[in-house]
Amino acid sequence: MIISAKKIVKKFKSGLGELYALKGVDVEVQKGEFLAITGRSGSGKSTLLYQLGLLDRPTSGDIFVEDINVSTLSDIERTNMRLTELGYIFQDYAILPSLTATENVTLPLLMMGMDVKSAKIKAETALNKVGLGSRLNNLPSQLSGGEQQRVAIARAIGHDPKIIFADEPTANLDHETSQLILKAFMELHKEGQTIVMVTHEEEYAAIADRVIGLSDGEIIKDSNR
Amino acid sequence: MKAEKLNHKNNSRNFFNSLRVGAFLATRDIKRANKWTTILIIFIMTLTFLNLVVVSGILVGLIEGAVSAVGDRYLGDVFISNLREKTYIEQSQNIISAAKNFPGVESVTARYIEGGTVESNYKINKRRPDDLDKNVPTSIAGIDPVAEDRVTHISEALIEGEYLNEDDYDQVIIGAMLIKKYLGFESPSFTTLDQAEIGDKIKVVVGGNTREVKIKGILKSKVDEVDRRVFFVDKQLRGLIGRYDYNVDEIVLRLKPDADPIAIKNALIKSGFSKYARIQTREDAEPKFLKDIKQTFALLGSVISSIGLIAAAITIFIIIFVNAITRRRFIGIMKGIGVTSTAVEFSYVLQSVFYAAFGTIIGIVLVYAVLIPYFNNNPIDFPFSDGILVATLSGTFIRAIILFVSTVIAGYIPARIVVKQNTLDAILGR
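Chains as they are written, first to last, in our numbering: chain B, 3 to 227; chain F, 79 to 508.
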């Protein structure tokens with residue numbers, strides 16, 4: 003088991019009082035598994051991804067990544083873990099506009115301490131893998147939405163993370179481009195990559211090994227169970 | 079166990095990686111920034127640096143010009159004058175001979191000084207009491223024209239007419255402050271000749287003798303002590319004041335460039351001449367008020383410069399803050415994928431440093447290659463000095479450091495404000 007989340011509660015304060023986004027969710031993810039989290043808007047699916055991906059801290063509950071209780075880690079330790087062990091793909095591509103495709107992928111590798119030459123080779127390998135070998139030196143403004151999202155995938159896989167977290171990776175893409183992105187995910191999965199993907203499209207979730215459905219902060223469906 | 083391992087990894091992921099990534103981000107940001115924005119920011123930094131250096135430099139230069147004129151035209155490098163209880167320097171010729179033999183002394187001049195009066199327009203009819211011409215009190219100086227010019231280059235300060243020759247008789251050079259049209263203002267304490275032109279005859283009363291002499295030249299050195307004097311050739315004045323012992327009132331030494339005035343002064347004192355004269359270096363003899371004004375102007379310059387510095391720091395702060403706040407989401411994403419806050423902050427600090435460094439370098443080039451040579455060749459014509467731009471290397475270096483540090487702080491603070499925001503909030507734009 004690579005992730006084990008127990009009784010995850012996340013509440014927010016709002017004008018109407020406390021709002022529970024997650025109400026004691028238990029999730030386990032196996033190594034090499036492709037998990038899709040689905041649900042309507044406001045169901046808590048992205049909130050769950052942020053907790054599992056260490057981008058946010060749950061109000062209560064524990065999350066273990068490879069037996070490490072990440073709830074007890076300091077911010078610096080969590081940043082370090084996100085850098086070395088996890089990969090992220092956000093909505094809206096989320097690549098840095100002042101960096102070329104290669105530089106965007108190189109950034110986390112340099113942060114890990116890799117030398118520039120090795121980081122560049124690794125970044126180019128990742129970009130080739132997602133079919134962007136001819137767009138290495140292009141700035142994001144010179145790439146289409148689908149290409150930018152593939153740069154984000156290359157950045158997420160460039161440092162060989164244990165788990166990839168993808169938050170609505172096809173949200174801003176047309177159907178055809180979305181299919182290309184999903185294909186890339188499937189190929190990564192075939193190579194043994196653990197992927198946790200949030201999507202509101204049932205059709206896209208269907209490519210995953212397992213689908214969890216969330217509603218109102220609770221798991222209402224788990225295709226494994 | 080794994081947590082410990084991770085902790086260890088955290089500790090071992092050194093600060094260097096953050097700096098490296100910060101530099102990586104900063105260079106790309108600068109390289110791909112809008113060219114005109116970058117030029118504008120560097121221009122502001124250049125102006126700030128010039129404001130820091132030039133404002134105080136000009137203010138100090140005004141006084142420095144006056145100080146330098148006093149030294150060049152009046153005091154020389156070593157100034158020897160009579161003791162307070164004496165009216166002239168005893169053993170003058172021995173002192174002059176000894177001074178000429180010191181290895182560091184380049185040239186020597188001696189001056190006879192005597193109080194007297196001058197009068198012009200005394201031949202015209204006086205119908206009203208107001209027309210009565212004034213006897214203007216002044217100092218009458220007797221100089222060896224060649225020796226004086228070698229020491230003080232006084233001939234270069236002539237604004238009209240010609241300089242004295244050794245054989246001139248009944249001809250004088252008159253200081254501009256004794257003539258109304260050159261003084262530029264009227265004051266009961268500064269009586270002047272109403273009209274005195276080149277070739278005019280004036281009446282000089284000195285040592286109980288009255289001589290009618292012709293104005294050969296008019297002198298404007300911007301040194302009061304010089305510009306309120308009437309200069310005779312020493313041979314004639316000696317006769318007028320009956321100074322047949324050749325004892326003078328002022329001896330001025332011009333030294334070779336590498337000579338130390340203090341050493342020469344000490345050598346003269348050691349030779350026993352301090353019994354007969356007051357021996358001072360140029361700095362000793364400089365009027366105290368000039369030193370005080372110099373300090374005051376330096377302080378004033380620093381205050382004005384500080385205001386400019388604060389304005390520049392605020393400019394950098396706003397530029398970095400706007401840049402960081404508009405890129406808040408990207409900063410969040412960077413933090414999300416594991417880039418440290420230090421790396422992001424460092425990238426902004428480096429950008430500030432880049433702007434400051436470029437602004438400073440351009441400013442230094444402008445100051446030393448353009449402004450200083452320009453002001454040296456075209457001094458600002460102030461009534462009391464020829465204003466130059468004074469910018470010492472050490473002073474410039476200190477100002478560059480001040481600008482640099484201010485910019486680093488002004489770049490760091492806004493970056494820190496934006497970077498410390500919650501990562502997820504930044505990513506989601508909340």
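For glycine and all other residues, C-beta sits at the position ideal for the given N, C-alpha and C.
Neighbourhood of residue i by C-beta distance below 7 Å, restricted to the same chain and skipping five residues each side
i	result
ALA101(F)	LEU428
THR49(B)	LYS12, ALA23, LEU24
SER349(F)	ALA176
ALA96(B)	ALA154
THR501(F)	GLY410, LYS413, GLY414
Cutoff 9 Å: residue i Cβ touching any chain B Cβ
i	result
ASN454(F)	no
LYS334(F)	no
MET123(F)	no
ARG494(F)	no
GLY489(F)	no
ASP338(F)	no
ARG360(F)	no
THR418(F)	yes
ASN112(F)	no
ILE505(F)	yes
SER430(F)	no
PHE509(F)	Outside the shown range of chain F, which is 79 to 508, sits residue 509(F), and nothing can be said about it.
LEU24(F)	Residue 24(F) is absent from the model: chain F starts at 79 and stops at 508.
Below-9 Å beta-carbon distance, residue i vs any chain F residue
i	result
GLU105(B)	yes
THR81(B)	yes
TYR22(B)	no
ILE5(B)	no
ASN187(B)	Per the sequence shown, residue 187(B) should be read as Phe rather than Asn. With 9 Å as the cut-off, PHE187(B) does not count as an interface residue toward chain F.
ALA156(B)	no
ARG84(B)	yes
GLY219(B)	no
ILE78(B)	yes
GLY41(B)	no
LEU141(B)	yes
LEU88(B)	yes
Integer-rounded CB distance, given that residue j should sit under 8 Å from residue i
i	j	result
GLY441(F)	PHE127(F)	3 Å
VAL496(F)	ILE403(F)	6 Å
ILE183(B)	HIS191(B)	In fact, because the Cβ distance is near 13 Å, the residues do not count as touching under 8 Å.
VAL156(F)	ILE397(F)	Wrong, their Cβ atoms sit about 55 Å apart, outside the cutoff.
PHE395(F)	ALA488(F)	4 Å
PHE462(F)	LYS300(F)	6 Å
THR40(B)	THR201(B)	6 Å
Residues near residue i in its chain [Cβ-Cβ closer than 6 Å; skip 5 each side]
i	result
THR124(F)	GLY437, ILE440, GLY441
GLY26(B)	LYS9, VAL11
ALA128(B)	VAL107, ALA156, ILE159, GLY160
GLN53(B)	ILE10, PRO60
HIS86(F)	Low local confidence applies: a pLDDT of 47 at HIS86(F) is under 50, so the model's placement there is unreliable, with the coordinate-based value given in what follows. Nothing listed; no residue qualifies.
Chain-order list of residues whose beta-carbon lies under 8 Å from that of residue i (same chain, five-residue window excluded)
i	result
ALA81(F)	Here ALA81(F) scores only 49 on pLDDT, less than 50, and its place in the model is too uncertain to base an answer on.
ILE108(F)	THR116, GLN429, PHE432
ILE209(B)	PHE36, ALA38, LEU184, PHE187, MET188
VAL229(F)	GLY154, SER185, VAL186, THR187, VAL330, LEU331, ARG332
ALA147(F)	SER299, LYS300, VAL301, SER463, ASP464
VAL132(F)	VAL445, LEU449, LEU467, ALA469
Beta-carbon neighbours of residue i, restricted to chain F and to distances below 7 Å
i	result
TYR52(B)	LEU502
ARG152(B)	Those within 7 Å of ARG152(B) in chain F number zero; the least Cβ separation is about 16 Å.
LEU101(B)	ARG106
Where residue i meets chain B, residues with beta-carbon distance less than 8 Å
i	result
VAL99(F)	LEU109, LEU112, MET113
Residues that residue i contacts on chain B, provided the C-beta gap is smaller than 9 Å
i	result
VAL497(F)	Correct list: empty, because the minimum Cβ distance to chain B is about 12 Å.
PHE408(F)	ALA96, ILE97, LEU98, PRO99, SER100
PHE399(F)	Ordered by position in chain B, no residue passes the 9 Å Cβ test against PHE399(F), which lies about 18 Å from the chain.
Chain B residues whose Cβ lies nearer than 7 Å to that of residue i
i	result
ILE411(F)	PHE92, ALA96
ALA389(F)	Neighbours of ALA389(F) on chain B: none; closest Cβ ~28 Å, over 7 Å.
ALA421(F)	MET113
PHE424(F)	Those do not exist, as PHE424(F) stays about 12 Å from chain B at its closest Cβ, beyond 7 Å.
PHE127(F)	Within 7 Å Cβ-Cβ: nothing; PHE127(F) doesn't reach chain B, min ~27 Å.
Check: residue i C-beta below 8 Å from any heavy atom of the ligand MG
i	result
THR420(F)	Inclusion of the ligand MG in the displayed structure is not the case, the ligand content being empty and no account of it being possible.
Listed by chain order, chain F residues near residue i by CB distance under 8 Å
i	result
LEU2(B)	The first residue shown for chain B is 3 and the last is 227, placing residue 2(B) beyond what the model contains.
Quick check on the DSSP output: what are the complete alpha helix (DSSP H) runs of length 4 or more inside the segment 197 to 227 of chain B, in order along the chain? Every unbroken stretch of the alpha helix (DSSP H) spanning 4 or more residues and falling wholly within the segment 197 to 227 of chain B is given here in chain order: 204 to 207.
Run through the segment 263 to 322 of chain F for me and flag every whole alpha helix (DSSP H) of 4 or more residues, listed as ranges in chain order. 302 to 305, 312 to 319
Can you list, in chain order, the stretches of the alpha helix (DSSP H) that have 4 or more residues and sit fully within the segment 316 to 384 of chain F? Complete alpha helix (DSSP H) runs here, min 4: 339 to 348, 360 to 363.
Residue ranges of each alpha helix (DSSP H) within the segment 411 to 483 of chain F, 4 or longer: You should have 419 to 443, 450 to 455.
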